[in-house]
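Here's the structure, in structure tokens; my notes come after.
Number of protein chains: 2
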Amino acid sequence: MEDNKTALSELGEFGFIDRLMKKIKISDKSVIKGIGDDAAVVDFGNKKTVISTDTLTEGVHFDVSYTPLKHLGYKAVVVNVSDIFAMNAKPKAITVSLSFSSRYPVEAIDELYEGILLAAKMYGVEVIGGDTTTSLSGLIINITAMGVANEEDIVYRNGAKENDLLVVTGDLGSAYVGLQLLEREKQVFKANDKIQPDLEGNDYVLERILKPEARADIIELLSKMEVKPTSMIDISDGLASEIFHICTQSEVGCSIYEDKLPIDPQTVLKAQDFEMNPTIVALNGGEDYELLFTIKQEDFEKVKGNPHMSIIGHMTDKNAGVNLVTRDNSSAPLTAQGWDAFLKREADDEGKEEE
Amino acid sequence: MEDNKTALSELGEFGFIDRLMKKIKISDKSVIKGIGDDAAVVDFGNKKTVISTDTLTEGVHFDVSYTPLKHLGYKAVVVNVSDIFAMNAKPKAITVSLSFSSRYPVEAIDELYEGILLAAKMYGVEVIGGDTTTSLSGLIINITAMGVANEEDIVYRNGAKENDLLVVTGDLGSAYVGLQLLEREKQVFKANDKIQPDLEGNDYVLERILKPEARADIIELLSKMEVKPTSMIDISDGLASEIFHICTQSEVGCSIYEDKLPIDPQTVLKAQDFEMNPTIVALNGGEDYELLFTIKQEDFEKVKGNPHMSIIGHMTDKNAGVNLVTRDNSSAPLTAQGWDAFLKREADDEGKEEE
Chain G
1 MEDNKTALSE
11 LGEFGFIDRL
21 MKKIKISDKS
31 VIKGIGDDAA
41 VVDFGNKKTV
51 ISTDTLTEGV
61 HFDVSYTPLK
71 HLGYKAVVVN
81 VSDIFAMNAK
91 PKAITVSLSF
101 SSRYPVEAID
111 ELYEGILLAA
121 KMYGVEVIGG
131 DTTTSLSGLI
141 INITAMGVAN
151 EEDIVYRNGA
161 KENDLLVVTG
171 DLGSAYVGLQ
181 LLEREKQVFK
191 ANDKIQPDLE
201 GNDYVLERIL
211 KPEARADIIE
221 LLSKMEVKPT
231 SMIDISDGLA
241 SEIFHICTQS
251 EVGCSIYEDK
261 LPIDPQTVLK
271 AQDFEMNPTI
281 VALNGGEDYE
291 LLFTIKQEDF
301 EKVKGNPHMS
311 IIGHMTDKNA
321 GVNLVTRDNS
331 SAPLTAQGWD
341 AFLKREADDE
351 GKEEE
Chain S
1001 MEDNKTALSE
1011 LGEFGFIDRL
1021 MKKIKISDKS
1031 VIKGIGDDAA
1041 VVDFGNKKTV
1051 ISTDTLTEGV
1061 HFDVSYTPLK
1071 HLGYKAVVVN
1081 VSDIFAMNAK
1091 PKAITVSLSF
1101 SSRYPVEAID
1111 ELYEGILLAA
1121 KMYGVEVIGG
1131 DTTTSLSGLI
1141 INITAMGVAN
1151 EEDIVYRNGA
1161 KENDLLVVTG
1171 DLGSAYVGLQ
1181 LLEREKQVFK
1191 ANDKIQPDLE
1201 GNDYVLERIL
1211 KPEARADIIE
1221 LLSKMEVKPT
1231 SMIDISDGLA
1241 SEIFHICTQS
1251 EVGCSIYEDK
1261 LPIDPQTVLK
1271 AQDFEMNPTI
1281 VALNGGEDYE
1291 LLFTIKQEDF
1301 EKVKGNPHMS
1311 IIGHMTDKNA
1321 GVNLVTRDNS
1331 SAPLTAQGWD
1341 AFLKREADDE
1351 GKEEE
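Line by line, the protein sequences give chains G and S.
For the first sequence, position 234 (counting from the first letter as 1) is numbered 234 according to our numbering, and the numbering increases by one without interruption.
For the second sequence, position 350 (counting from the first letter as 1) is numbered 1350 according to our numbering, and the numbering increases by one without interruption.
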């Protein structure tokens, strides 16, 4: 352990937890008891509680060689609250479980927690519990998020109807391009550690992968616009994959239009640098944490022209399947490649390149 | 992968989740939406929600070479619902997050889930969500449990008062002795794999480590007896450690009596086999998942003689500290050794023996 670093064994488990508890202040009155007992106690009143859990694993979901720990902590919260927003609910509390090997000194975990607490503050959620254990290798972050909503406001994946319009927020594929960039510079650095990473001018795509934001603003906006989506999901695995989830659960088909896909110019340029088709990147990239939802035709006027939302297609009969209408106006079935963690691992294991 | 085993990559992430969802049936009406959307939706009515999370990590909390996966799944649920019981609440729902390396075929995870679902059924909790990710090495199980209670029934760690009686359920130290036995037989087997493990006649201590139960019965019993503990905690780290938690949070001291500690005869015999002091084993063993609570003096008659409960001491002034009155009637300060996962790891890393 370096001189200015503290091994966890110096503090002990309880010492570490005490230290952590001092950093976590609860201000939300719905939290009756936070960290420090066998369980937390919350009172969300008469609203329904919405619960989601997500794990980020070193070597699978992130690479600490280019992911600052503070950003990682921030992102771990974002990934979870994004699921709560995707139910049209408001996140209220999270539990945080960390497993880490002795390679991580206390200061590293502090940095991680700094990001967690910053995101918690940003999204108005309280850290109400968690546990901290050692792992044999690497760092694993599991967060469970709880939110609230009135029953009539909750939006599921299964409510899309034929002729509904398909809407996506923000832009697509930028996180994936950012990841490619980080991976490339890592390889360059591994080959020659005298060469400094060349990341200049790529702020946007890098921020999208390293410090994404969940779309709290969209949930507020929809409420103000008086639009209740008929179905909604967040884009973690990739647009195509999420469209398939909505179509399968809602028992509808879908046509989306290549020329309607929102892609940031920086993403287009970078994708071309990597000799990737920007449309494929937008469809399959993943980790965008944008919201994908369907609305009734009658809400078209409310959504049209909104700078945060793009209408990218419409829902069809189930038997028509899921189709992409390309720029040359031909229609082809879409495949839900998604961002399958298992397939990716397997491909990596075999030394193959993933598409 | 063996012939009759299925690699996860064959099913893919979504295929695996679909397969899992078919096994999970929700019957509790308070679960409005279980697995299959961005988040689960629950309605616990006007009661308070109690939330706890716990992680079991391969190589730290369990060793798959002698832990059947079905038992492991069962135990992962028990560990979590035990925390809910320790709040005097009723567990209702769990989320399950699994991280596992490609070493685990689908059938192994099925076995793990069999145990999870069996325990869920036993304790009346619904599996409402979770996620499944790959890990670089080993298996990590994180469960978040949610329960309900009327606000006036919830018991915290911080309510013990001077002169309250300290009560523990069941018996202590058996899980630790069971673990020592498994470790010993593992070493024998490693040295010579022709020698079959000698575990006969040790059913009780083995069951205590491999398939513990949480004390749902005690929560019901306390309610029937009309006894509301003034403080309560479950024994995961060891009796001594948990006593310190209650004393610290309640700002009291405590005297416990060596001759009152409930230790099963099999545990005493086995501890002696290992040349361990049974009292030390009972104080510091850990993983008992019994309940430790304080009651008012006036409830003495109700608890006295109950076969599930032992009165082991009483609370004192904070300044008196935490003391053990030994069989020879001398009093000595107790130390909260606990079962510090970090210290244990460090000691193991340095090849030292843990006490």
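Don't be surprised by glycine CBs; every beta carbon is placed ideally from N, CA and C.
Query                                                                                                                                : Result
Any chain G beta carbon closer than 9 Å to R1157 of chain S                                                                          : yes
The region 1107-1132 of chain S: positions lying closer than 9 Å to chain G by Cβ                                                    : I1128, G1129, G1130, D1131 and T1132
Contact set for H308 of chain G: own chain, Cβ-Cβ below 6 Å, skip 5 residues either direction                                        : T169
Where M1122 of chain S sits in the DSSP three-state scheme                                                                           : helix
Contact set for D340 of chain G: own chain, Cβ-Cβ below 6 Å, skip 5 residues either direction                                        : At D340 of chain G, the pLDDT of 42 sits below 50, so the modelled position is not reliable and the matter cannot be decided from this model.
Neighbour list for I233 of chain G in chain S, Cβ cutoff strictly below 7 Å                                                          : D1038
Classification of E1058 of chain S by the beta-carbon crowding that lies within 10 angstroms, buried from 16 upward                  : buried
Chain G within 9 Å of L1324 of chain S, Cβ atoms only                                                                                : no
For A149 of chain G, the three-state DSSP class (helix, strand or coil)                                                              : strand
Buried or exposed (CB count within 10 angstroms, at least 16 for buried), G1173 of chain S                                           : buried
Chain-order list of residues whose beta-carbon lies under 6 Å from that of T53 of chain G (same chain, five-residue window excluded) : T144
Endpoints, alpha helix (DSSP H) assigned at G73 of chain G                                                                           : L69 to F85
Interface residues of chain G facing D1153 of chain S [CB-CB closer than 8 Å]                                                        : Correct list: empty, because the minimum Cβ distance to chain G is about 11 Å.
Chain G within 9 Å of M1021 of chain S, Cβ atoms only                                                                                : no
Euclidean distance between Cα positions of N1192 of chain S and V1177 of chain S                                                     : 23 Å
Cβ contact (3+ pairs, closer than 8 Å) linking the region 1028-1037 of chain S and the region 6-18 of chain G                        : no
Minimum Cβ-Cβ distance from K1075 of chain S to chain G less than 9 Å                                                                : no
Endpoints, alpha helix (DSSP H) assigned at Y1176 of chain S                                                                         : S1174 to A1191
Distance between D37 of chain G and C247 of chain G (C-alpha atoms, nearest Å)                                                       : 43 Å
Validate contact between the region 1236-1245 of chain S and the region 1284-1291 of chain S using beta carbons, cut 8 Å, 3 pairs    : yes
For Y1257 of chain S, three-class secondary structure by DSSP                                                                        : strand
Helix, strand or coil at H1245 of chain S according to DSSP, with G and I counted as helix                                           : helix
Close Cβ partners of F1162 of chain S (< 7 Å) along its chain, the five nearest in sequence each way excluded                        : The displayed chain sequence assigns Glu, not Phe, to residue 1162 of chain S. So the list reads V1252, M1315, T1316 and D1317, once near-sequence residues are dropped.
Which of helix, strand or coil DSSP assigns to A336 of chain G                                                                       : coil
Opening and closing residue of the beta strand (DSSP E) in which T358 of chain G lies                                                : For chain G, the structure presents residues 1 to 355; residue 358 of chain G sits outside this window and is missing.
N- and C-terminal bounds of the beta strand (DSSP E) containing V1268 of chain S                                                     : From DSSP, V1268 of chain S is part of no beta strand (DSSP E) but of the alpha helix (DSSP H) over P1265 to D1273.
Spatial distance of Q272 of chain G from V1042 of chain S (CA atoms)                                                                 : 46 Å
Spatial neighbours of K1005 of chain S in its chain, beta-carbon cut-off 6 Å, leaving aside the 5 residues before and after          : P1105 and E1107
Rounded distance between the beta-carbons of I1051 of chain S and I128 of chain G, thought under 8 Å                                 : 6 Å
CA nearest to the CA of I1141 of chain S, picked from S:A1040, S:Y1074, S:R1327 and S:S1223                                          : S:Y1074
Cα-Cα separation between R345 of chain G and H61 of chain G, rounded to whole angstroms                                              : For R345 of chain G, the pLDDT reaches just 37, beneath the cut-off of 50, and the residue's location in the model is therefore unreliable, leaving the point undetermined.
Per-residue contacts from T95 of chain G into chain S (C-beta, under 9 Å)                                                            : I1051, S1052, T1053 and T1144
Straight-line Cα distance separating L1166 of chain S from D1259 of chain S                                                          : 14 Å
Cut-off 8 Å between Cβ atoms - residues of its own chain near E290 of chain G, not counting five sequence neighbours on either side  : V168, T169, G170, D171, L172, R215, D234 and I235
Minimum Cβ-Cβ distance from V167 of chain G to chain S less than 9 Å                                                                 : no
Proximity below 9 Å, CB of L1261 of chain S to CB of T1279 of chain S                                                                : yes
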